[in-house]
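In the numbering used here, the protein residues as written are 70 to 365. All C-beta atoms in this analysis are idealised placements derived from N, C-alpha and C, irrespective of residue type, glycine included. Working notes for the structure below.
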Ligand SMILES: [Fe+2]
């Protein structure tokens, strides 16, 4: 086992989803979640939540699942180091000829596949659009991003050791804590939460294969009222609330969960605590939530 902590990803920068009905997904994302359509020049069917040119790409596909996840490193040297580390761990790394980087609007990137089959893109130099300020079409005051990145993704996989090796040993994630819990009627499971910046978890791993590779993705707003307004809009749109309002034991996020068109779940939250590696020590939790989060 190689423990090379000299390079790690800095943040989850973007995700791509493959859904049967991209128009319905985009409409839900803008009207209910309050995300902003990106300029066509930055890619058709893409969404913004901050100054970045885009954060979520919506593509047509039967999977109704995560299509790819993009993690950023600090710069060119870190990308070289990350490629070496991946290769040392036996991960097949594809070099981009520049066409994918152009499509993603990044300076340079490499690509590989995680043990559960998700396409993972690692890059530096994302496009910022400070000249085109983020304005939520639903009036959301702002999403919490910055050095915490897009948000988080919860990923499932049969081979949890392989997933852990990929995200920890290769990408450089550090464990925040564990939740030992009865998971969706499937018995006791240990959910693992990982950070790569102050966000409590950017990636969480579930040790089983669900109906899709992604259990949910999370976006965080800066005001509790924006969670409430979003809940009203999501319910008005007729979307299924998959988890009622609640507060998580580990990151202290107040959030609800809903099903997006096609089935991918979104967590919409506020108020998470952050992680400072200088002071953080791992904890063990036995419930996912302090209150609420009843699954519907
Ligand atoms: Fe979450």
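Boundaries of the beta strand (DSSP E) in which residue i is found, first to last residue
i, result
"residue 126", "125 to 129"
"residue 260", "257 to 264"
"residue 360", "358 to 361"
"residue 182", "175 to 182"
"residue 84", "80 to 88"
"residue 95", "First-last for residue 95: 91 to 96, but that is the alpha helix (DSSP H), not the beta strand (DSSP E)."
"residue 116", "115 to 117"
"residue 191", "188 to 195"
"residue 338", "334 to 339"
"residue 273", "272 to 275"
Proximity test, residue i beta-carbon vs ligand 1 heavy atom, cut-off 7 Å
i, result
"residue 336", "yes"
"residue 288", "no"
"residue 221", "yes"
"residue 285", "yes"
Three-state secondary structure (DSSP) of residue i
i, result
"residue 289", "strand"
"residue 212", "strand"
"residue 302", "helix"
"residue 219", "coil"
"residue 248", "strand"
"residue 352", "strand"
"residue 70", "Caution is warranted here: a pLDDT of 44 is assigned to residue 70, below 50, making its placement in the model unreliable, and the coordinate value is therefore given only provisionally. Here residue 70 sits in coil by DSSP."
"residue 347", "coil"
"residue 297", "helix"
"residue 324", "strand"
"residue 163", "strand"
"residue 169", "helix"
Of the residues the options, the one placed nearest residue i, counting alpha carbons only
i, options, result
"residue 77", "304, 236, 301 and 364", "236"
"residue 93", "133, 123 and 121", "133"
"residue 109", "221, 270, 172 and 258", "172"
"residue 187", "196, 139 and 299", "139"
"residue 129", "280, 85 and 305", "85"
"residue 144", "169, 178 and 113", "178"
"residue 323", "307, 309 and 292", "292"
"residue 118", "252, 131 and 98", "98"
"residue 61", "251, 362 and 239", "This structure does not reach residue 61, given that the chain is present from 70 up to 365, and the question cannot be answered."
"residue 180", "127, 196 and 161", "161"
"residue 327", "342, 104, 304 and 345", "304"
"residue 277", "329, 90 and 251", "251"
"residue 216", "120, 249, 279 and 176", "120"
"residue 127", "193, 364, 352 and 105", "105"
"residue 336", "265, 219, 259 and 111", "219"
"residue 262", "280, 102, 289 and 232", "232"
"residue 298", "75, 208, 257 and 194", "208"
"residue 131", "227, 331 and 213", "331"
"residue 103", "288, 351, 365 and 354", "288"
"residue 88", "234, 112 and 135", "135"
"residue 340", "142, 334, 348 and 296", "296"
Outcome for residue i when other beta-carbon atoms lying within 10 angstroms are tallied against a minimum of 16
i, result
"residue 320", "buried"
"residue 255", "exposed"
"residue 82", "buried"
"residue 338", "buried"
"residue 164", "exposed"
"residue 70", "Because residue 70 carries a pLDDT of 44, less than 50, the predicted location of this residue cannot be relied on, and the following value inherits that uncertainty. Burial call: exposed."
"residue 245", "buried"
"residue 309", "exposed"
"residue 312", "buried"
"residue 222", "buried"
"residue 204", "exposed"
"residue 154", "buried"
"residue 358", "buried"
"residue 346", "exposed"
"residue 199", "exposed"
"residue 285", "buried"
"residue 282", "buried"
"residue 111", "buried"
Bounding residues of the alpha helix (DSSP H) (the contiguous stretch that carries residue i)
i, result
"residue 310", "Segment 310 to 317 is the beta strand (DSSP E) holding residue 310; no alpha helix (DSSP H) there."
"residue 229", "229 to 233"
"residue 149", "145 to 157"
"residue 136", "That residue, residue 136, is in no alpha helix (DSSP H); its beta strand (DSSP E) goes 134 to 141."
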